[in-house]
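See structure below.
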Amino acid sequence: MSKTITSKIELNVELDENRVPEKLNWSAQDGGVNNEEAKAIMLSVWDSNAQETLKIDLWTKDMPVDEMKQFFHQTLVTMSDTFLRATQDEKMTATMKDFCDYFAEKLELKKK
Numbered sequence: 015m016s017k018t019i020t021s022k023i024e025l026n027v028e029l030d031e032n033r034v035p036e037k038l039n040w041s042a043q044d045g046g047v048n049n050e051e052a053k054a055i056m057l058s059v060w061d062s063n064a065q066e067t068l069k070i071d072l073w074t075k076d077m078p079v080d081e082m083k084q085f086f087h088q089t090l091v092t093m094s095d096t097f098l099r100a101t102q103d104e105k106m107t108a109t110m111k112d113f114c115d116y117f118a119e120k121l122e123l124k125k126k
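For the sequence shown, the residue numbers in the working numbering are 15 to 126.
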């Protein structure tokens, strides 16, 4: 019988009096991340029983709009990569990548 390994990812949200995020920090010990600050977090969890995605989208009130646009673009690109790894659907991945390019062009994002 193989040994089960547990890995923990922790999110901490500091809210103001109106429950708006002021600070976001996260830790992932296995990844070498310890209480690192973040300005935005998007978390999706698949509920197989309900056949739906549960979401938590948070950003701090001092998250700059230009950084939010980059965050969204990079998230979409990463989702395209993940979609390919999960499904091996190269045709749809290419379509998704085309949209990512279009998104970046329309927002006038510079490639980094």
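The beta-carbon is built from N, C-alpha and C at its ideal position, and this holds for glycine as well.
- The secondary-structure analysis by DSSP pairs M82 with nothing; it has no beta-bridge partner.
- DSSP, read as helix, strand or coil, puts T67 in strand.
- Between the region 74–87 and the region 47–62, the count of C-beta pairs closer than 8 Å reaches three or more; the two stretches touch.
- Taking the Cβ atoms as the reference, E51 lies roughly 13 Å from L72, outside the contact range of under 8 Å.
- In the DSSP assignment, E104 falls outside any beta strand (DSSP E) and within the unbroken alpha helix (DSSP H) covering 104–120.
- By the CB criterion at 8 Å, K75 and E36 fall inside the cutoff.
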